[in-house]
Structure formats: structure tokens, C-alpha cells
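Notes follow the structure.
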Amino acid sequence: MDEILRSLRLYFLLQRASARGAMQYRMNTVIGILSGALWQGTGFAFIWVVMHTFPSLAGWGLAEIAFLYGMRLTAHALAMIPLMSVNDIQWVVRNGEFDRFLLRPLNPLVQLMGNRVGIGQFGDLLVGVALLVFAGQNAHIQWNAWLFAFCFVAIVGGALIEAAFFLGLCSLSLRMVDTFALRLFVDDVFSKFGSYPMKIFGGVTEWLLTFVLPVAFVAYLPSSVVLGKLDNPWALAAPLLGVVLVSLAYLIWRRQLDHYQSVGH
Amino acid sequence: MTRIGFRLALAYRSNIIMTCVTLVAQVFLLRMIWTSVYGSRPTAAGLTLDALLAYLTLANLQAFATHTVVARTIHDRIRTGTVFFDLARPVGYLRQMAAFQVGNTGGGLLLIAPVIPVVLLVGSITEPVNAAGYVITLLLGYVIALQLALLISLVGFWTMETGAISLLYRLVSQFFAGTMVPLAFFPGLLGVVAEILPFKYMGYVPAAIYVGHISDLSGPVLVEIAWIAGLSGLLALTWSRARRRVVIQGG
């Protein structure tokens, strides 16, 4: 436990240093956040324009879709803000920089995570939370303390699912398997398909997105619960999947780390 | 220069594979969303579902074809100072860069050629209502896309930094080109803005002519030619000012 607290404290110190580094280029940082927000904003603008003509998408209204979209986006931002710099792992390994992480007395993953702060993802967070707040008031949800807590836990659970896939794929880079393109693809599937009611895909695609790449668990199932669209009691357990998957991903990471060989500089 | 652009496109193969996969996924997603919202409705905003799906397939392929990299290339070359070599060549700078982009587009199209049938199948394409009109308006639209990209690149001679502007341009142009929603669905003021902006000639107008949503050809073609003429003038003017401001970094 002490070890974890110490890692956490050091992680925050590293991240603060990275954030300070990023703020040296203030304009660039602001533009980075705004671009992130705008990127997601145009994504939602599409839905808004479509639903201007068609009031319902598979039985979901605009506010309900907004809630789903916001939940997905917030989970995505929470997963990627701390993990963004792990995306560079390919280069860190190839330049031999990773050897330095192994020498220092701190978990190498924590060091890698503290390398850089994900700036564009703060833009995602901004749009995600804004959508949640807007939709939370307009989607006729009977808010109570339990639902609120479930919502919070579900978002964290969703973030863990995305983080698990990201970390699992990244850790393969420790053994020089380039998974960059694959990560882009997985991210693309999560962001494209995760923001819509799975019902519209139907059949095989819906099944694949639920049980193979569990996109449905990130936002679709939890928001169905919050919006009162799903009675299946299993959906309440959706947030747990994230915990299971992220533990699994961390095991993979540890296993790959054992097999790490320096490029030798 | 055209050949360099062509080869550059071929050099990043894994990039292209990614683009292909994303393209197929995008068209599939759009098909599912639109099929779902149409439900049992036969037609909306004057478009049947079949026509709409064909439209979306084309518009997404076009978005790929009219995507330009020239701004980023020019930006890199200004920043590293290598723009000097381009300026020293005895061929006009803008012409070189236009040739580079055309070659790059050609290379990109060659690489996605094998996927085009897949995309057409996933998006369920229909027979063209006006094939000639489609090709003409799309080619003119490509010229407009090229001119706008060059214009944005030239801003770099003043600001030295075009990354953010390029990204912004890409987002705005894709949205107003009607890649995901035909302009016919844009409500109120948004529709008016989209109608005025030139981005619709890269996506909406050619694709709408293909599916027969727009039947009058002369109007769009004339406006496109007017845009091209206007942008040519603006480009020449901007370039005559930009070339006096060239700063060669490094060396």
C-alpha cells in the first residue's frame, strides 16, 4: 500500500512538471485544448443536424443521445489524459530511453505515464462534461443519489475498459511489436461506434461490439440503465468489467516487461 | 514535383491501410445510422434512402480524394528553411506546390483503389443519374480545394506556424462539405452558411448531382468557375506579398 501511495505521489509530481513544461508554450496548449474540443464538437454537430430532421434514433431522443455521447467522451478523456504519453512507447523503446526508466526506483509504467500530459484530451473532457450536464437536465432522468453514484462509477469503469485495451496493446511494443496502427483502429472503433445506441447496428456487429470488443460496456449499457431503457440486472455490473480488464492488461504489461530487451545504445 | 508527391503517398503504406479501414468503418457507421433514422420513411428532404446512402458513400470517398497535405509540407519546409530550394528552382513556387499535391492525390487514389469496390458495396452505391456532371463538378471542386490549401499554406510565410489553422480548416471544410449530412438537412442559418461557403463543391454538389438531387448543372459549374477565378486572383496577390516576406531559417 505504501508503495502505491508513493507511486501516486511521484506520478503527480511528474505530471505537474510535464504540465509546467507544456505551459511554457501557452498558445500551443490553448490551441491544443480547443482543437480537441472542436474535433468532438463537430462530431456531435453531426448528430444534432441529423436529429433536427429525425427526432428519434432507434427510440433515443437528442438529449438521450447527448447523454450517451457525453458519457463515452468523458470516459475516453479520463482514460487518455493520464495514459497519453504511453502512446510514445514505440519511440521510447527504440531510442533506448526506456532503459533509464528501469534504473530509477519507480514503477516504469508510472514514469512513462508522467512523461507528458495529454493536452488535446482536456478538450474532450470539456465537451464530454458539458454534454453530460446539458443532457442530465434535459433527458428527463429521475436523479437520486444512487443513480448519481452509478453514473460516476460507470464513467470510471468505461475509462478503465478503454485504458485496458490501450495499455495491453502498448505493452506489446516492449517486445518491438508495432501496434500503433492497431491502437488507432481500436480507438476509432471505440469513438465511432461507442457513441450510438448499439441497437442500430443489429446482428453480428452488435454482438461483436458487446462481447469481442466491449464497446457497449463503456457508455451504451450504463446510459441505458440511467435513462431507464434497460431492465436487465446484468447491466448494473457493467462497470466491473473495466476493473477486470485493466487488471488483465496490467498483467500483460508485467509479462511483456519481463521479456524486455534493450536495443543496446 | 508531381512524381515526388506521388511517391510520397506510396511511401507511407501502413498509413494508407489505416485510412482504408477507417473509411470502410465510417461508411458502414453512416449507413447504419441513416438506415435507422429513416426507418419506414420513404423520403426526407427530397432524398430517398437509397439515394442518400449512395450520396454518403461518394461524399466520403471524395473527402479522402480532396484531402490535401500540401499545407503541412510547406509548413515543414518553411520551418526548416528548405523552402529556399523550392524558391531557387526556375519554376513558379505555387505551380510546383500544386503539382506536388496533384501527384500526392494521384498516389493516394492508386493506393485506395482496391478498397473502393468494398466501400461502394458497404455503402450500397446506385447507378449515376448524371455521370458527366459528377465528374465535371468534382474536378472543378478539386481545383477549389487545391487553391484553398495553397492559400492556407501561404499564411505560414507570415505566421511561421500553420498546424492549428490547417486542423481547423480540415474540420470546418469537412463539416460544411456535407460529408456526413447532405446540406439539404442543414437547418436555418447553418444551411445558409453552408450554401455560401465553397466547401460544398468538394462534397455535397458533385455527390448530389450523381444521385440526381441536383439536376441543374449550369448554376453550380458557373459558380465553381467564378470561385476558381476569384481564388486565383487572391492567390497571385497573396503570393506576390508573401515572397517579399520570405525568411529563410537556419543555413
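Those protein sequence lines, which keep their order, are chains A and B. Number 194 in the working numbering belongs to position 194 of the first sequence; there are no gaps in the numbering. If you count the second sequence from 1, you need to add 265 to reach the working numbering. Cβ coordinates follow ideal geometry from the N, Cα and C atoms, glycine included. Small disclaimer: the values here were computed from a predicted structure and weren't measured.
Three-state secondary structure assigned by DSSP to B:Leu312: strand
Integer Cβ distance of A:Trp39 from B:Leu448, believed to fall under 8 Å: Not confirmed; about 21 Å, so no contact.
Where the stretch 10–43 of chain A meets chain B: residues whose CB sits under 7 Å from a CB there: Ile31, Ser35, Leu38, Trp39 and Thr42
Cβ-based contacts, 7 Å cut-off: residues of the stretch 232–243 of chain A near chain B: none
Short Cβ contact (8 Å threshold) for B:Arg296 with B:Leu318: yes
Test: B:Gly516 CB closer than 8 Å to a CB of chain A: The pLDDT assigned to B:Gly516 is 49, lower than 50, so where the model puts this residue is not dependable; a value taken from the coordinates is nonetheless given after this. Not one chain A Cβ lies under 8 Å of B:Gly516.
Contact residues within the stretch 112–140 of chain A, judged by C-beta distance below 9 Å to chain B: none
Outcome for B:Pro379 when other beta-carbon atoms lying within 10 angstroms are tallied against a minimum of 16: exposed
Contact set between B:Pro393 and chain A, taken where Cβ atoms lie within less than 8 Å: The contacting residues do not exist; B:Pro393 stays about 25 Å from chain A at best.
Range of the contiguous alpha helix (DSSP H) that encloses B:Ile461: Gly453 to Ile461
Proximal residues to B:Tyr358 (C-beta, below 8 Å), its chain only, five neighbours per side dropped: Asp351, Leu352, Trp504 and Arg508
Residues of its chain near A:Leu131, where Cβ-Cβ distance is below 6 Å and the 5 sequence neighbours each way are ignored: Ala66, Tyr69 and Gly70
Same chain only: Cβ atoms within 6 Å of A:Leu288, ignoring 5 sequence neighbours per side: The structure shown does not extend to residue 288 of chain A, since chain A spans only 1 to 265, so no value can be given for it.
Proximal residues, the stretch 186–199 of chain A versus chain B, C-beta separation under 9 Å: Asp188, Val189, Lys192, Phe193, Tyr196, Pro197 and Lys199
Own chain residues within Cβ distance below 6 Å of B:Trp492, not counting five before or after: Ile409 and Pro463
Residue burial classification, B:Phe450 (beta-carbon count within 10 angstroms, cutoff 16): buried
A:Leu174 and A:Gln256 closer than 8 Å at C-beta: yes
Length of the line joining the Cα atoms of B:Ala310 and B:Asn325: 20 Å
Any chain A beta carbon closer than 8 Å to B:Pro379: no
Residue from A:Leu241, A:Ser224 and A:His76 whose Cα sits closest to the Cα of A:Val212: A:Leu241
As assigned by DSSP and simplified to three states, the class of A:Leu68: helix
A:Leu184 at chain C interface by Cβ criterion, 8 Å: This model lacks chain C altogether, as its protein chains are A and B.
Span separating the alpha-carbon of B:Val356 from that of B:Met266: 10 Å
Min CB distance B:Gln291 to chain A below 8 Å: yes
Rounded straight-line distance, which links the Cα of B:Phe441 to that of A:His259: 50 Å
Where the alpha helix (DSSP H) through A:Gln90 begins and ends: Ile89 to Arg94
Sub-8 Å separation of A:Ala266 and A:Val110 beta-carbons: Here chain A comprises residues numbered 1 to 265, so residue 266 of chain A is not present and cannot be evaluated.
8 Å Cβ cutoff met for B:Gly373 and B:Ala274: yes
Minimum C-alpha distance to A:Val189 - residue among A:Ala159, A:Pro233, A:Leu73 and A:Val215: A:Val215
Beta-carbon gap between A:Asp99 and A:Ser262 smaller than 8 Å: yes
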